[in-house]
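Residue numbers (this note's numbering), protein chains in the order written: chain Z, 1 to 616; chain A, 1 to 83.
What follows is the structure, given as C-alpha cells:
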C-alpha cells in the first residue's frame with residue numbers, strides 16, 4: 001500500500017492521473033473518428049478565443065471600448081437593445097453570452113447589466129428564424145473567422161496598446177467563430193442523420209418529448225440558430241408537424257445555454273453567474289411556453305392574422321411563436337433582474353477565491369527594503385480599490401458611473417434606491433484577508449531591518465488602519481442610508497442624497513490623485529484643500545439640519561440620526577484623505593519635507609472655515 | 001598639502017549646520033514660489049468663473065493657499081531670526 005506523505009501529494013497524483021487518462025481517451029477518440037477530432041478541436045479553439053477576448057477587453061479598460069460599452073449599457077432599455085441588435089448582427093446569442101462574460105470578468109459590467117443584455121440577446125436570436133423563414137438566408141459564421149484572424153494578428157504586432165487590445169479581440173472572436181465552425185462541422189453527421197418525422201407525437205407527451213429533443217439537438221449542434229434552421233427546414237418539408245416544431249423551438253432555447261455554460265468554464269465566477277442567469281431565464285421562459293402552449297398558439301394565430309401572415313404559412317408562424325414566448329419571458333423576468341443577480345451572487349460563490357488575496361506581497365520582497373515598501377504601497381492601493389468598491393456599493397452607486405465625467409448629481413438621482421448589500425460579507429471577502437496579510441508583512445519587514453524604510457512602513461500601516469476606519473464608518477452609515485431611501489420625507493431623502501454625493505465626489509477626487517498621470521505639483525499641500533472642503537461641507541450640513549428641524553420639515557429624531565451620520569461621513573472622508581497622503585503621494589520628491597511643515601493643522605483648517613465668509 | 005585638505009574638511013564639518021539651514025530656506029522659498037504661482041492661477045480662474053458654487057470653492061482654495069503662504073513666510077522669518 002502506497003503511503004502518501006500528505007493530502008497534497010495524493011491530490012497531485014489524482015490530478016496527473018486524470019490528465020493522463022484524458023489525453024489517452026482523446027487520442028483514442030481522434031484515432032476513431034475525424035468528426036470527434038473536429039468537435040474537440042472546436043471546443044479547444046473556442047476556449048482559446050475566450051482567453052484572447054478577455055485579454056483584449058482588459059487591455060481596453062479605461063480606453064475606447066469602455067466608453068462604447070458604457071454608452072451602450074448604462075440603462076436597462078439600452079442593454080436590452082444592445083443585446084437584441086448585437087445578436088441580430090452576429091446571429092449568435094451564444095457568442096454574445098461569451099462576450100458579456102468577458103466584459104464581466106474584466107470588470108466592465110456588473111452582473112445585473114449583463115443579465116439585461118442576455119435577455120435582449122435571447123430576443124435577438126429569434127430574428128434568425130425570421131430571416132430563414134421569410135428569406136431562406138443564413139449568415140455563415142465561419143466566413144468571418146479568417147479575415148478576423150488576419151486583422152487580429154496585424155493589430156497585435158502594432159505598438160499601440162489599444163490596437164493590440166483590438167487585435168486580441170479580433171483574434172478572440174475569430175477563434176470563437178472558428179471553434180463554433182469546427183464544432184458544427186464535427187456535428188454535421190448528426191444533423192444529416194436525424195429524421196424527425198419518425199418521432200411525430202401529439203399532446204402533452206409529444207410536447208415534452210420534442211422539447212427534450214430540441215435541447216439535445218441544440219447541445220449536439222452547439223447552436224440554437226442552426227437547430228432552428230433544421231426545424232424550419234423540416235417543417236417546410238412536412239417532416240414534422242407544426243405542434244412538434246413549437247416544442248422543438250422551446251427545446252432549442254434551453255439547449256443554447258449549454259454554449260454559454262461551456263464558455264463560462266474558463267471564465268471566473270462572474271462569468272459562471274451569467275451563464276447561470278442565462279440558464280434560469282431560458283428554463284423559466286421555456287416552462288411558461290410549455291405550460292401555456294395553447295394560449296401561445298392562439299396568440300400566434302391572432303398576431304399572424306393582424307400582420308397578414310397566411311394561416312398555413314407555418315414557418316413564419318413558428319418564427320412568430322419563437323419571438324412571442326421570448327418577449328413574454330422578458331416582460332415577466334425584467335422586474336426580477338436585480339433579485340436574480342443577488343441570488344446568483346449568493347448561490348454561486350467562488351470557493352477557491354472567495355476571499356480576495358494579496359497580489360504584491362511576496363516573501364522575496366522582504367529581503368530588499370525598498371521593494372518591500374513598494375510592495376506594501378501597491379497592496380494598500382489594491383486594498384483601497386476594494387474599499388472604494390465596498391463604499392460605492394454601500395451608497396448604491398457604481399464605479400462605472402462615478403469615475404466618469406458625468407454629473408454626480410445626475411448619477412445620484414439616477415439611483416434613488418439602495419439595493420441590499422451585505423457589508424459584513426464584503427468586509428470578509430474583499431478586505432480582511434488583504435488587510436491581515438499587509439499587517440503581517442509589515443511586522444516581519446520592520447523586524448528584519450531598522451532603516452529609513454521602516455518609518456515609511458509605519459505610515460503605510462497607519463494608512464491601512466485608516467482604510468479600516470473608513471469601512472467602519474460606512475458600516476455605521478449603511479442602516480440609516482437604506483432607511484432614508486425608502487422614506488417619504490423628501491427633505492430627509494435630499495440630505496442623504498447630499499451625503500452620497502459628498503462621498504462620491506471625494507472618491508472621484510482621490511481617483512484622480514491616485515492616477516500616475518495626474519501628479520500634483522504640491523501634492524501634500526493640495527490635500528489641505530480637500531480637508532477644508534470637508535470641514536466646510538460638514539458645517540453647512542449641520543446648519544441645514546438645524547434649519548430643517550426648526551421648520552419641522554424633519555423630526556428631531558431624524559435630525560439627530562442625520563447629524564450622527566454626517567459625522568460618520570466626515571470620518572470616512574477624512575480617513576481616506578489621510579490614507580491618500582501616505583499612499584498616493586510620491587515621498588521621494590524634493591518639496592515633501594517642506595510641504596509637511598507648511599501643511600495646515602486641524603485647528604488652523606477649522607479656523608479657516610469659521611472665518612471664511614463664502615462658506616456662510 | 002595634507003594640512004590644507006584637513007582644514008577644508010574641518011571647515012565643511014563645522015559649516016554643515018549652516019548648509020542644512022540654507023537648504024531648508026531654499027526649499028521653503030521654492031515651495032513659496034510654487035504656491036504663489038498656483039494662487040495667481042486660481043485667482044484668474046475665479047475672475048473668469050460664472051458658476052456661483054464653483055466660485056465659492058475657488059475662494060476657499062485661495063484662502064487655504066493664503067494661510068499656507070503665511071505659515072511658510074513665518075517659518076522663513078523664524079529661521080532667519082534664529083541665525
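Just so it is clear, CB atoms sit at the ideal spot from N, CA and C, and this is done for glycine as well.
{"Query": "Find the nearest neighbour of residue 533 (chain Z) within the set Z:545, Z:511, Z:503 and Z:561, judged by alpha-carbon distance.", "Result": "Z:503"}
{"Query": "By the 8 Å beta-carbon criterion, what residues does the segment 526-545 of chain Z contribute toward chain A?", "Result": "528, 529, 532, 533 and 536"}
{"Query": "If you count every other CB in all the chains shown that lies within 10 Å of the CB of residue 20 (chain Z), and 16 or more means buried, which is it?", "Result": "exposed"}
{"Query": "State the CB to CB distance for the pair residue 574 (chain Z) and residue 522 (chain Z), rounded to an integer number of angstroms; the pair is presumed to be in contact (CB under 8 Å).", "Result": "Not quite, the Cβ-Cβ distance comes to about 20 Å (not below 8 Å), so this is no contact."}
{"Query": "With distance defined between alpha-carbon atoms, name the residue in Z:156, Z:432, Z:238 and Z:438 nearest to residue 314 (chain Z).", "Result": "Z:238"}
{"Query": "Taking 8 Å as the limit between beta carbons, can you name the residues of its chain near residue 473 (chain Z), skipping five residues before and five after?", "Result": "568, 569, 571, 572 and 575"}
{"Query": "Quick check on the DSSP output: what are the complete alpha helix (DSSP H) runs of length 4 or more inside the segment 346-407 of chain Z, in order along the chain?", "Result": "369-394 and 399-402"}
{"Query": "With 8 Å set as the bound, which would you pick, yes or no: does the beta-carbon of residue 591 (chain Z) sit closer than that to a beta-carbon of chain A?", "Result": "yes"}
{"Query": "What residues in the segment 23-52 of chain A have a beta carbon less than 8 Å from any beta carbon of chain Z?", "Result": "24, 27, 28, 30, 31, 34, 35 and 38"}
{"Query": "Would you check if there are 3 or more beta carbon pairs closer than 8 Å linking the segment 597-610 of chain Z to the segment 59-74 of chain A?", "Result": "yes"}
{"Query": "For a test of the three-state rule: what should DSSP assign to residue 591 (chain Z), helix, strand or coil?", "Result": "coil"}
{"Query": "Quick check: the segment 169-177 of chain Z against the segment 198-217 of chain Z, are at least 3 beta-carbon pairs closer than 8 Å?", "Result": "no"}
{"Query": "I'd like to know whether the C-beta of residue 77 (chain A) is nearer than 8 Å to at least one C-beta of chain Z.", "Result": "no"}
{"Query": "Under the three-state reduction of DSSP, which class applies to residue 498 (chain Z): helix, strand or coil?", "Result": "helix"}
{"Query": "Going by CA-CA distance only, name the one from Z:299, Z:428, Z:397 and Z:595 that's closest to residue 110 (chain Z).", "Result": "Z:397"}
{"Query": "Please list the terminal residues of the continuous alpha helix (DSSP H) segment that includes residue 531 (chain Z).", "Result": "523-550"}
{"Query": "Pick out whichever of Z:242, Z:235 and Z:248 has its Cα sitting closest to the Cα of residue 215 (chain Z).", "Result": "Z:248"}
{"Query": "Could you tell me which chain Z residues have their CB closer than 7 Å to the CB of residue 19 (chain A), listed as they occur along the chain?", "Result": "Within chain Z, no residue comes near residue 19 (chain A); the closest Cβ sits about 15 Å away, beyond 7 Å."}
{"Query": "Is residue 608 (chain Z) close to chain A? Criterion is C-beta to C-beta, closer than 8 Å.", "Result": "yes"}
{"Query": "Roughly how many angstroms separate the alpha carbons of residue 87 (chain A) and residue 375 (chain Z), rounded to a whole number?", "Result": "Since the first and last residues shown for chain A are 1 and 83, residue 87 (chain A) lies out of range."}
{"Query": "Give a yes or no on whether 8 Å exceeds the smallest Cβ distance from residue 522 (chain Z) to chain A.", "Result": "yes"}
{"Query": "Following the continuous alpha helix (DSSP H) through residue 252 (chain Z), name the residue where it begins and the one where it ends.", "Result": "242-255"}
{"Query": "Classify residue 308 (chain Z) as helix, strand or coil using the three-state DSSP reduction.", "Result": "coil"}
{"Query": "State buried or exposed for residue 147 (chain Z), treating a residue as buried only when at least 16 other CB atoms are found within 10 Å of its CB.", "Result": "exposed"}
{"Query": "Shorter than 8 Å from the beta carbon of residue 618 (chain Z) to some beta carbon of chain A?", "Result": "In this structure chain Z extends from 1 to 616, so residue 618 (chain Z) is not present and cannot be described."}
{"Query": "Which term fits residue 498 (chain Z), buried or exposed, when burial requires 16 or more other beta carbons within 10 angstroms of its beta carbon?", "Result": "buried"}
{"Query": "How should residue 484 (chain Z) be labelled, buried or exposed, when 16 other C-beta atoms within 10 angstroms of its C-beta is the threshold for buried?", "Result": "buried"}
{"Query": "Where does residue 308 (chain Z) land, buried or exposed, given buried means 16+ other C-beta within 10 angstroms?", "Result": "exposed"}
{"Query": "Closest Cβ-Cβ distance between residue 600 (chain Z) and chain A: below 8 Å?", "Result": "yes"}
{"Query": "Measure how close the beta-carbons of residue 562 (chain Z) and residue 441 (chain Z) come, nearest whole angstrom, since I'm counting them as under 8 Å.", "Result": "40 Å between Cβ atoms; not a contact."}
{"Query": "Are the beta-carbon atoms belonging to residue 155 (chain Z) and residue 45 (chain Z) less than 8 Å from one another?", "Result": "no"}
{"Query": "Let me check understanding here. Comparing Cα to Cα, which of Z:586, Z:338, Z:550 and Z:52 lies closest to residue 515 (chain Z)?", "Result": "Z:586"}
{"Query": "Here's a check: name, in chain order, each residue in its chain whose Cβ is nearer than 6 Å to the Cβ of residue 358 (chain Z), leaving out the five neighbours to either side.", "Result": "379, 434 and 437"}
{"Query": "Just by C-beta distance, which residues in the segment 484-509 of chain Z are closer than 8 Å to chain A?", "Result": "none"}
{"Query": "Name the chain A residues that come within less than 7 Å of residue 604 (chain Z), Cβ to Cβ?", "Result": "67"}
{"Query": "Give me the chain A residues within the contact set of residue 594 (chain Z), using Cβ-Cβ distance strictly less than 7 Å, ordered along the chain.", "Result": "27, 28 and 31"}
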